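This report refers to the structure that appears directly beneath it.
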Amino acid sequence: MEQSNQKLEFDKDYFDLSKIEDYGEKVDKTYVADSDEARWFYDTREKLYYLVKLLSERLNEDFQIVYREKPNGQRGPSLIGFKNYVLVGFAPKEFNIGDDLFMKIEFSNIKSKPVFRINIDLNFRKESSPFQKRRDEIFTNHNTEWEINSEFPDNWDDLLEVLGKPISDLKSVYKSYIKTRQSNAMKLDIIELPLNQILYGPPGTGKTFRLQDKYFDKFTVSESKLSREQYIENAVADLTWWQTFAVALYDLGLSSSTEILNHEIVKAKERQSSAKSIKPILWSRLQAHTVLDCPNVNVKTRSEPQLFFKNDTSKWRVDDALLTEAYPEALEILDKIKNFQPEEGKIIKNYEFVTFHQSFSYEDFVEGIKPKMEEQSTDLEYEIQDGIFKRIALKAKADPENDYAIFIDEINRGNVSAIFGELITLIEKDKRLGEPNALEVKLPYSRTSFGVPANLYIFGTMNTADRSVEALDTALRRRFAFEEVMPKPELFEELEVAGISIQELLKKINQRIEALLDRDHTIGHSYFYKVKEAEHKEAALKSVFKDNIIPLLQEYFYGDYSSIGLVLGEGFVRVEQPENSTRFAKVEGLGTEIEVAPRVELLPINEAFDINEALQNLMQDA
């Protein structure tokens, strides 16, 4: 792409290079969060993000930030100290594969001889990156650096002039690496998906919608494309074991246990099980669901429904009348399997969707002991039940020709390390089943071996306003590709309400939030879609402020209405000056001349609220 000749306007101060030497003196020394050096690091990192934005505008390229690091790290056996660099990783939007490979800008070697460097790199902790083995070669061959001295640029204009061509050239090299990973050179949107990926960004940026819009269809298949074997596996996937045996016996009639085990429906269910042998499962389920008056079964504890019968020769049958009453779906399932005629327009979902929350556990995700309450029974029993991840993993293992996925919304709301448990290691690409370094573990409850199949993808979304990417467990971070999803005001370029551009409105709000907080707490664009689609746009926009924007700002600023006023303007808040008549109690040694701060309140957004005037005030700078 050609460089833009448009004159850029800068709304952030330039790097504070005068303090780089002070920071260098603290490198490899004990990290102190509340220190000038920590503040310099975060300020410098934020300005690197801004530099990426400026380069996007100058080169007419949509760069996205994909990698960042915090200021502290392990600098010795028992030392958490300041790092010797400040960096940002980014990539062109159409070629973004997360932190598997990215372009990088950094202040490096700060301790001894500071340099400003650009190159191509990857998350060095991430063993699953397809470029991991070539990291040193890629890093060395495409590294350009400038010494931080009196000749180094001291303003944005000069720095952009220096970086323009090198970044443009680096971008071309980066794209060439990504193109080699494409499965079809004619399309840019089919770059090999990371097996494990997290979309992260502020609230309302459409992370969950993007999962649905971009990825769901990749993990669906038309029923007409299924083989008969795949069709059967899909039909029995959600059946319990007693239901599976009931369908098989309804088809077989009087049968031995061996004949039941060899039935195609039971075999399909077995392929989706982690059990070493299902023979014990067969015996336990048949006897537990045997009719009470069967003289050949002595198990005292029975479960509903009771519909199996065992004769004197140890052969089993299912009572057709009882089956029709208790589980009529069995007849329909068997009929569809016997008369295999897939529906042309029917779609099979090869994915699961789950939302993490604070009480979500390993037992919900992998497996655990859960209460089992049978109908018409007063006894409380317990059984080991597979969690949502284990179920989809077993489906994927049984169907290696198709890809499967689990989508985890709000992944950072759960205790991820505890929920994943030993899966943290198993989800790595080279540790998957069938890979060179494949691993299996013995699960704690079922005591069965379990591994993660290579055709199971894991996608998550993360709200950065709840918890930053850096707060996630390091072991988790290095096993996932992270893709940032930020607000897109440009989606509303042509939308105006009361003469105000919604694009500029959203930009203005977020610029002020970034100045007071950071980019992780900005306002997403998705809240404004209802305005775009509404017939009465002013009323819709008023509703967006009342129901979405103001509650978010109250959460962001912990009820500090002064800060909210600085973001939204005086059209949304009321300032009450303190009364001069207030008299305080006398305390020896304390003065009574105390300045009381003004009281700031939110104006109620009701029918009388003038949204037009409020917007005009919001768009005006102090």
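Going by UniProt numbering, the sequence shown opens with residue 1, and the numbers climb by one from there.
We treat Cβ as the ideally placed atom computed from N, Cα and C, and that holds for glycine.
Small disclaimer: the values here were computed from a predicted structure and weren't measured.
> Taking the Cβ atom as the reference point for each residue, do glutamate 538 and valine 573 lie within a distance shorter than 7 Å?
Replying inline: no
>> As an exercise, report each continuous alpha helix (DSSP H) stretch of at least 4 residues that is fully enclosed by the region 524 to 585, in chain order.
In response: List check, alpha helix (DSSP H) in window: 529 to 533, 537 to 544, 550 to 556 and 561 to 568.
>> When you compare the CB positions of leucine 456 and alanine 398, do they come within less than 7 Å of one another, or not?
In response: Taking C-beta atoms as the reference points, leucine 456 and alanine 398 fail to come closer than 7 Å.
>> As a quick exercise: from Lys315, Ser277, Ala235 and Asn155, pick the residue whose alpha carbon is nearest that of glutamate 329.
In response: The residue with the shortest Cα to Cα distance from glutamate 329 is Ala235.
> How about alanine 91 and valine 52: do their beta carbons lie closer than 7 Å?
Replying inline: no
>> Less than 7 Å between the C-beta atoms of isoleucine 500 and leucine 615, yes or no?
In response: yes
> Rounded to a whole number of angstroms, what is the C-alpha to C-alpha distance between lysine 542 and arginine 68?
Replying inline: 36 Å
>> With the cut-off set at 7 Å, would you say phenylalanine 459 and phenylalanine 407 are in Cβ contact?
In response: yes
> Could one say the Cβ of glutamate 69 lies closer than 7 Å to chain D's Cβ atoms, at least one of them?
Replying inline: Although the question refers to chain D, the structure presented lacks it and comprises just one protein chain.
> Within 10 angstroms of its Cβ, does asparagine 184 collect 16 or more other Cβ (buried), or is it exposed?
Replying inline: Interpretation of asparagine 184 is limited by its pLDDT of 33, a score under 50 that renders its predicted location unreliable; the figure taken from the coordinates is listed afterwards. Burial check for asparagine 184: the Cβ neighbour count within 10 Å stays below 16, so the residue is exposed.
> Rounded to whole angstroms, how far is the Cβ of histidine 289 from the Cβ of leucine 307, which I believe are closer than 8 Å?
Replying inline: Histidine 289 to leucine 307, Cβ: 6 Å. Contact.
> Would you call the region 229 to 245 and the region 403 to 418 touching, i.e. three or more CB-CB distances under 8 Å?
Replying inline: no
> Looking at the unbroken alpha helix (DSSP H) that takes in aspartate 251, where does it start and where does it end?
Replying inline: 241 to 252
> Relative to the alpha-carbon of proline 371, which residue among Asp364, Tyr362 and Tyr382 has its alpha-carbon at the smallest distance?
Replying inline: Tyr382
>> Taking only three categories from DSSP, how would you classify proline 92?
In response: strand
> Cβ atoms of threonine 464 and tyrosine 200: under 7 Å apart, would you say?
Replying inline: yes
>> On the criterion of 16 or more Cβ atoms from any shown chain inside 10 Å, does lysine 349 qualify as buried, or is it exposed?
In response: exposed
> Cβ atoms of valine 416 and leucine 476: under 7 Å apart, would you say?
Replying inline: Going by beta carbons, leucine 476 and valine 416 fall inside the 7 Å limit.
> Helix, strand or coil: which one does DSSP assign to serine 256?
Replying inline: In the three-state scheme derived from DSSP, where H, G and I count as helix and E and B as strand, serine 256 is classed as coil.
>> If you measure between the beta carbons of aspartate 157 and serine 129, is that distance less than 7 Å?
In response: no
> When the Cα atoms are used, what is the spatial distance from leucine 566 to leucine 618?
Replying inline: The C-alpha of leucine 566 lies about 9 Å from the C-alpha of leucine 618.
> Using DSSP with H/G/I as helix, E/B as strand and the rest coil, what is serine 468?
Replying inline: With a pLDDT of 46 at serine 468, under the threshold of 50, the modelled position of this residue cannot be trusted, and the question is left open.
> Can you name, in chain order, every residue of its own chain whose Cβ lies under 6 Å from the Cβ of tryptophan 241, other than the five neighbours on each side?
Replying inline: Ile281 and Arg285
>> Extract the residue ranges of the beta strand (DSSP E) inside the region 97 to 126, only unbroken runs of 3 or more that lie entirely within it.
In response: 102 to 108 and 115 to 121
> Which residue from Gln287, Ser224 and Pro295 puts its Cα closest to that of serine 303?
Replying inline: Gln287
> Does the beta-carbon distance from threonine 30 to glycine 81 come in below 7 Å?
Replying inline: yes
> How do the region 96 to 116 and the region 137 to 146 stand: do at least 3 beta-carbon pairs fall below 8 Å, yes or no?
Replying inline: yes
>> Which residue marks the beginning of the beta strand (DSSP E) containing residue 634, and which one marks its end?
In response: A question about residue 634 goes unanswered here, because the residues of the chain that appear run from 1 up to 622.
> Between which two residues does the beta strand (DSSP E) carrying arginine 285 extend?
Replying inline: Unbroken run through arginine 285 is the alpha helix (DSSP H), 279 to 288; no beta strand (DSSP E).
> Where in the region 143 to 188 do unbroken runs of the beta strand (DSSP E), each at least 3 residues long, occur, reported from the N-terminal end onward?
Replying inline: 144 to 147
> Residues in its own chain within less than 8 Å of isoleucine 120 by CB, not counting five upstream and five downstream?
Replying inline: Counting only residues of its own chain and dropping the five nearest sequence neighbours on each side, isoleucine 120 has a CB closer than 8 Å to the CB of Leu101, Phe102, Met103, Lys104, Ile138, Phe139, His142, Leu170, Val173, Tyr174 and Tyr177.
>> Given this structure, state the Cα-to-Cα distance separating valine 221 from lysine 267, to the nearest angstrom.
In response: 22 Å
>> Can you check which of these residues, Met462, Ile502, Asn311 and Phe480, is closest to methionine 486 by C-alpha distance?
In response: Met462
> Taking the Cβ atom as the reference point for each residue, do tyrosine 362 and isoleucine 419 lie within a distance shorter than 7 Å?
Replying inline: yes
> Going by other Cβ atoms of all chains shown within 10 Å of its Cβ, with 16 needed for buried, is glutamine 197 buried or exposed?
Replying inline: buried
> Expressed to the nearest angstrom, what Euclidean distance is found between the alpha-carbon atoms of asparagine 123 and asparagine 437?
Replying inline: 20 Å
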